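Under this note's numbering, the sequence shown has 276 at position 204, and the numbering climbs by one with no breaks. Note that CB positions come from ideal geometry on N, CA and C, so glycine has one too. Source: prediction; values computed, not measured. Here the structure comes first, spelled out in structure tokens, and everything after it is commentary.
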Amino acid sequence: MKKTALIILLVVPLLGSYLWAGGQKEKTEPASVTVWMKKGFVEQQNVEFEKRVNEFAKGKNIKANVELLAYEDIFPKWTAAIQSKNVPDISFFGYQEVGQFSKQGVLEEVTSLIQEIQSKYGKIFTSSTQAVTFGGKTFAIPFWGEGTALYYRKDLFAKAGLSGPPDTWEEFRTCAIKLTDPAAGVYGAGIGYGAGNSDAEWLSRSIIWSMGGAIFSEDGKKIIFKSPETKAAVEFIAGLFVKDKVTPPGAMGWNDAGNNTAYISGQAAMVVNTGSIIKALEKNNPELLKKTGVVVLPRGPAGRFTAGISNNLGIFKDAKQKKIAQELLIYLMEPSWYKEWIAASAPLALPVYEQLAKSEPIWQQEHNKAFMDSMATFKYLGYKGDYTPTAGKIYNLRLINALFENIISKGMNVDAAIDQFVQECQKAF
């Protein structure tokens, strides 16, 4: 009996110490929020984003873990995180990933959250919300857009007797012909195709859509590329190379830097690109910047279309701090901070708030306005329907590039090349 009592006397204090230590451990380890963000081209944006998250965490007395990741490095991390269920609380997603992951059932629906954000801060572009909304449910918060626009040499236009930039694709062709001067090493249309060229994939879609063509039906279940409208668009693009000869030599081997280099070097009088050329000219060639005009992409018979890029923030279903993540997203979308963050890389990054686009003077500046205006013309992979993983797969396979390589470089008949394209698309299903 005395022995039993002695054991109890020894064990109870030890147990109390253990419980006290456990309690102390919980108090010394505050909650934390983990954020994965795509590393931006402009370092100031990276710094300010991380600072903003840390400010939020400090106000909540929690720890912030921010990882800034190159886009090509994020997908393997997503895959591993989803498999292990050790996911970040907030992550960057392109709209392609939002579509893919929402269909896998691993993203938290944020329909009510985006409604709250718009109620507090103002309307987000419909084109941005549509890109991440599936079946009436929204699965990510649009954070910034990236537009493409038509760059043109104002001095060369004047020299060729052209009054201004083209408003239609037919006018684009006419201008390109007049601007082309092989003896001077100048070509009107800085368009090129190459095995991995993503710029060409986006531009080709913009032209095809503007002429009434498309790859997908409205329900996303059929390939409708074999149509008179699509054929006319394909013939138009191929004709710039084969018939009109307004593209630079070697353009059929370009990568994504091809049109940038062609414009900056003076080889191309017109190119289509994001704001990256503006940023390069601001830094390295202010004289060429003065000679540069930027306008929205030309329109076709079906209207004006831009293959848009939507960058978003979302929450995984397995996130440990969903409530904190929602509060942080609201904090990041607060307009007075957000507008300064966006402006740091203008015109590469575009605001998603309609009012900011209208009211902030920076978006009315000559070299920025066209990119901002392009937001209203955005359509996405999968048009005429919603984005689907199949649409993303066809894009990643660069089948548009292969189509034009067959026609332009290999001399394949347009109908045969379209048939082959359709067959390859069917395989992607």
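**Request:** Identify every run of the alpha helix (DSSP H) within the region 354–415, keeping only runs that are complete inside it and at least 4 residues long; order them along the chain.
**Result:** Given a length threshold of 4 residues, each whole run of the alpha helix (DSSP H) inside the region 354–415 is given here in chain order: 358–362, 394–404 and 407–415.
**Item:** Neighbourhood of Leu475 by C-beta distance below 6 angstroms, restricted to the same chain and skipping five residues each side
**Value:** Sequence index remark: in the sequence shown, residue 475 carries index 403 (1-based). Answer for Leu475: Ala489 and Phe493, listed in chain order.
**Prompt:** Measuring CA to CA, which of Ala261, Val258, Ile309 and Ile295 is closest to Ile280?
**Reply:** For the purposes of this step, residue 280 is taken as the residue at position 208 of the sequence shown. Selection Ala261, Val258, Ile309 and Ile295 evaluated against Ile280 yields Ile309 as nearest (Cα-Cα).
**Asked** How would you call Asn137, buried or exposed, if buried means at least 16 neighbouring beta carbons within 10 angstroms?
**Response** For this step, residue 137 is matched to residue 65 along the sequence shown. Asn137 counts as exposed, since fewer than 16 other C-beta atoms from the protein chains shown sit within 10 angstroms of its C-beta.
**Message:** Do Gly330 and Gly266 count as a contact pair if the criterion is CB distance below 8 angstroms?
**Reply:** Numbered from 1 along the sequence shown, position 194 holds the residue referred to as residue 266. Numbered from 1 along the sequence shown, position 258 holds the residue referred to as residue 330. Between Gly266 and Gly330, the gap from beta carbon to beta carbon is short of 8 angstroms.
**Request:** Answer yes or no: does any C-beta atom of chain C fall closer than 8 angstroms to that of Thr252?
**Result:** Chain labels in this structure do not include chain C; a single protein chain is all it has.
**Message:** Given a cut-off of 8 angstroms on the beta-carbon distance, is the pair Thr378 and Phe450 in contact?
**Reply:** Reading the sequence shown from its first residue, position 306 is the one you call residue 378. Reading the sequence shown from its first residue, position 378 is the one you call residue 450. For Thr378 and Phe450, yes; Cβs fall inside 8 angstroms.
**Asked** For Trp216, which residues from the same chain have a beta carbon less than 8 angstroms from its beta carbon, with the 5 sequence-adjacent residues on both sides left out?
**Response** On the sequence shown, residue 216 is found 144 positions in, with the first residue counted as 1. For Trp216, where only same-chain residues beyond five positions count, the Cβ hits under 8 angstroms are Asn383, Ile414, Ala421, Leu422, Pro423 and Val424.
**Request:** Between the Cα of Ser481 and those of Gly285, Glu115, Gly311 and Phe211, spot the shortest distance and give me the residue it belongs to.
**Result:** Residue 481 sits at position 409 when you count from the first residue of the sequence shown. Among Gly285, Glu115, Gly311 and Phe211, the Cα nearest to that of Ser481 is on Gly311.
**Request:** Report the three-state DSSP secondary structure of Tyr223 (helix, strand or coil).
**Result:** For the purposes of this step, residue 223 is taken as residue 151 along the sequence shown, with counting starting at 1. In this structure, DSSP gives Tyr223 an extended state, which the three-state scheme calls strand.
**Message:** Restricting to runs no shorter than 4 residues, where is the alpha helix (DSSP H) found entirely within the region 193–277?
**Reply:** Whole alpha helix (DSSP H) segments, 4+ residues: 198–202, 226–231 and 241–251.
**Asked** the ligand COA heavy atoms versus the CB of Lys441: any closer than 7 angstroms?
**Response** This structure simply doesn't include the ligand COA, nor any ligand for that matter.
**Asked** Touch check for the region 390–404 and the region 220–233: three-plus C-beta pairs under 8 angstroms?
**Response** By the Cβ criterion, the region 390–404 is not in contact with the region 220–233, since fewer than three pairs of Cβ atoms, one from each stretch, lie closer than 8 angstroms.
**Prompt:** Between the beta-carbon of Ile387 and the beta-carbon of Val258, is there less than 8 angstroms?
**Reply:** Here residue 387 refers to the residue found at position 315 of the sequence shown. Here residue 258 refers to the residue found at position 186 of the sequence shown. No. Outside cutoff.
**Request:** Could you check what DSSP says for Met444 in three-state terms: helix, strand or coil?
**Result:** Translated into the one-based positions of the sequence shown, residue 444 becomes position 372. Met444 falls in the helix class under three-state DSSP.
**Asked** By Cβ distance below 8 angstroms, which residues in the same chain neighbour Val486 in space, the five residues on each side in sequence not counted?
**Response** The sequence position of residue 486 within the sequence shown is 414, counting from 1. So the list reads Lys303, Val306, Glu307, Ala310 and Ile479, once near-sequence residues are dropped.
**Message:** For a quick check, are the C-beta atoms of Leu275 and Lys250 less than 8 angstroms apart?
**Reply:** The residue you call residue 275 lines up with position 203 of the sequence shown. The residue you call residue 250 lines up with position 178 of the sequence shown. Cβ distance not < 8 angstroms, so Leu275 and Lys250 don't count as in contact.
**Start-to-end residues for the alpha helix (DSSP H) that takes in Ser104** = Walking along the sequence shown from the start, residue 104 turns up at place 32. Careful: Ser104 lies outside any alpha helix (DSSP H), inside the beta strand (DSSP E) at Ser104 to Lys110.
**Item:** Lys110 classed as buried or exposed, judged by whether at least 16 other C-beta atoms fall within 10 angstroms
**Value:** Indexing the sequence shown from 1 puts residue 110 at position 38. Per the 10 Å Cβ criterion, buried.
**Proximity to Thr252 [Cα-Cα], best of Asp239, Ala272, Ser282 and Pro321** = The residue you call residue 252 lines up with position 180 of the sequence shown. Measuring from the Cα of Thr252, the nearest candidate turns out to be Pro321.
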